[in-house]
Amino acid sequence: PDAMIGLPRHYGCVIAVGSAGVLVNIGLAAAVVAASQSKFAMRFLDAINAVNPHLQNGLPKDYGWVVLAGTGGFVVNMHLARQVGLARKKFGVEYPTMYSDSSKEFNCVQRSHQNYLENAPFFYFLLAFGGLQAPRCSAACGALYLLGRIAYARGYSSGDPKKRMRGAFGYIGLLGLLINTLLLGGRMIRAGCGK
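Each residue of the sequence shown is one higher than the last, beginning at 2 in our numbering.
Below, the structure is given as structure tokens:
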């Protein structure tokens with residue numbers, strides 16, 4: 002039956018995972034709205050205020066840099082998606098085919114974008130929360146990570162998967178975001194968030 006509709010054999014798994022992701026996001030949005038009126042939400046904001054004395058309206062003074070770094074992530078994603086679209090035309094790979102049986106170079110372009118998407122949730126989580134701890138440092142770490150993703154994609158898209166390692170320096174930025182987020186978590190626990 003899969004061949005009759007032109008989808009890969011296991012494409013149902015992709016649809017199921019994507020649908021689950023949408024449901025999780027809807028659930029998180031509903032939880033945020035509900036929690037905004039809760040005592041826990043008020044304690045959370047109080048703990049954030051205790052952690053960073055430079056807050057204005059609940060966010061650090063320089064949090065705009067974090068927002069710009071996050072927007073940079075969107076731009077990188079759109080760039081990589083465009084590269085996949087161009088590669089589809091160049092190598093004659095029609096939608097919804099994920100990989101080509103005949104073009105390793107197309108598969109490398111496609112894989113570089115998919116790898117970005119696989120890591121994006123972690124990047125945005127660490128950027129958003131690490132930015133509450135140290136906004137400028139987190140924005141710089143985010144920019145370094147994104148530059149690494151571009152270098153990774155360029156190397157991978159060459160058709161030689163080993164060249165993707167040219168972007169490994171970006172993980173230094175991700176490590177910085179992880180450290181900032183862990184520091185924030187520790188400071189929030191010490192400040193009494195959730196008591």
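Ideal Cβ positions, reconstructed from N, Cα and C, are used throughout, including at glycine.
For clarity, every value in this text was computed on a predicted model and none was experimentally measured.
Cβ neighbour criterion (16 or more within 10 Å) applied to residue i
| i | result |
| --- | --- |
| alanine 17 | Any answer about alanine 17 is weak, because its pLDDT of 48 lies below 50 and its placement is not dependable; what the coordinates show is given next. Alanine 17 comes out exposed. |
| phenylalanine 75 | exposed |
| methionine 166 | exposed |
| cysteine 14 | The predicted model places cysteine 14 with a pLDDT of 47, which falls under 50 and marks its position as unreliable, so this point remains unresolved. |
| aspartate 3 | For aspartate 3, the predicted structure reports a pLDDT of 37, less than 50, and the residue's modelled location is therefore unreliable. A value from the coordinates is still provided. Its Cβ having fewer than 16 others within 10 Å, aspartate 3 is exposed. |
| arginine 10 | Because arginine 10 carries a pLDDT of 46, less than 50, the predicted location of this residue cannot be relied on, and no value is offered for it. |
Whether residue i touches residue j by CB criterion (7 Å)
| i | j | result |
| --- | --- | --- |
| lysine 243 | glycine 174 | Absent from the model: residue 243. The displayed extent of the chain is 2 to 196, so no value can be given. |
| glycine 186 | tyrosine 146 | no |
| valine 110 | serine 101 | no |
| tryptophan 66 | proline 162 | no |
| leucine 128 | glycine 71 | yes |
| arginine 150 | valine 77 | yes |
| alanine 152 | glycine 168 | yes |
| alanine 121 | phenylalanine 107 | no |
Nearest neighbour of residue i, chosen from the options [CA to CA]
| i | options | result |
| --- | --- | --- |
| leucine 133 | Ile180, Asn108, Lys90, Thr98 | Ile180 |
| glycine 177 | Ser159, Ala144, Gly193, Ile151 | Ala144 |
| leucine 184 | Ser158, Gln115, Cys138, Tyr96 | Cys138 |
Nearest-angstrom Cβ-Cβ length linking residue i and residue j, presumed shorter than 8 Å
| i | j | result |
| --- | --- | --- |
| cysteine 117 | leucine 81 | Note that residue 117 is tyrosine in the sequence shown here, rather than cysteine. The pair is a contact, with the Cβ atoms about 5 Å apart (cut-off 8 Å). |
| serine 113 | alanine 154 | 4 Å |
| threonine 98 | phenylalanine 130 | At roughly 37 Å, the Cβ-Cβ gap does not stay under 8 Å, so threonine 98 and phenylalanine 130 are not in contact. |
| serine 159 | glutamine 84 | Actually they are not in contact, since the Cβ atoms of serine 159 and glutamine 84 sit about 12 Å apart, beyond 8 Å. |
Checklist entry - Mind pulling the alpha helix (DSSP H) runs of 4 or more residues that sit fully within the region 54 to 134? => result Within the region 54 to 134, the complete alpha helix (DSSP H) runs of at least 4 residues are 64 to 92, 105 to 134.
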